[in-house]
Amino acid sequence: MAYIARKDLIDSFGQHEIERLESNIARNQDPPLTPEQKELITLNAIDQASNEVDSYIAARYDLPLPSVPEQLKRNVNDIARYLLYKDQPTDEVLRRYEMAISWLNKISTGKAILVFPIKPEGDEGQPFTGTGIFVV
């Protein structure tokens, strides 16, 4: 299960960077790749990152997860970006990747947990507008 979409990477790191990374990976292809084929490069990186994440969280959580916490999405973004950099990640990209792996190690050993968003049951999240008496 992919935890993010290509749009999430673009929202996090900018369209220019993601397209540049796709082009960098595809530059030696003959014939040149179409834009759709370049996007598949990113989708492959997202799948690889999601599979790597699964290998850590499966130690503590049943898969598939009931929902995807934002912190998990952020870390999958960092791992997928690292994979797109191929053999030449910048220091910042490498640092963020290493932080993501460190966090995943903590998840797998129970030193950190995933916090799932909880939707209120029955009221669909609507505020209470009635009146009532509060007794102390």
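Count the sequence shown with my numbering and you get residues 1 to 136, in order. Ideal Cβ positions, reconstructed from N, Cα and C, are used throughout, including at glycine.
Would you list, in sequence order, the uninterrupted beta strand (DSSP E) runs of no fewer than 3 residues that lie entirely inside the stretch 26–51? none
Would DSSP call tyrosine 85 helix, strand or coil? coil
Stretch pair the stretch 7–24 + the stretch 34–42: three plus CB contacts closer than 8 Å: yes
For arginine 95, count neighbouring Cβ atoms within 10 angstroms of its own Cβ and tell me buried if that reaches 16, exposed if not. exposed
Assign glutamate 70 to one of two classes, buried (16 or more other C-beta atoms within 10 Å of its C-beta) or exposed (fewer than that). exposed
Use the C-beta contact count for aspartate 78: other C-beta atoms within 10 angstroms, 16 or more gives buried, fewer gives exposed. buried
For arginine 6, report the span of its alpha helix (DSSP H) as first-last. 6–13
Rounded to a whole number of angstroms, what is the C-alpha to C-alpha distance between threonine 109 and aspartate 30? 45 Å
Using the rule of at least 16 other Cβ atoms within 10 Å of the residue's Cβ for burial, across every protein chain shown, is alanine 58 buried or exposed? exposed
Would you please state the rounded distance, in angstroms, between the beta carbons of leucine 104 and tyrosine 61? I believe it to be under 8 Å. No, leucine 104 and tyrosine 61 are not in contact; Cβ-Cβ is about 12 Å, not under 8 Å.
When we look at the beta-carbon of serine 50 and count the other beta-carbons within 10 Å, is it buried (16 or more) or exposed? buried
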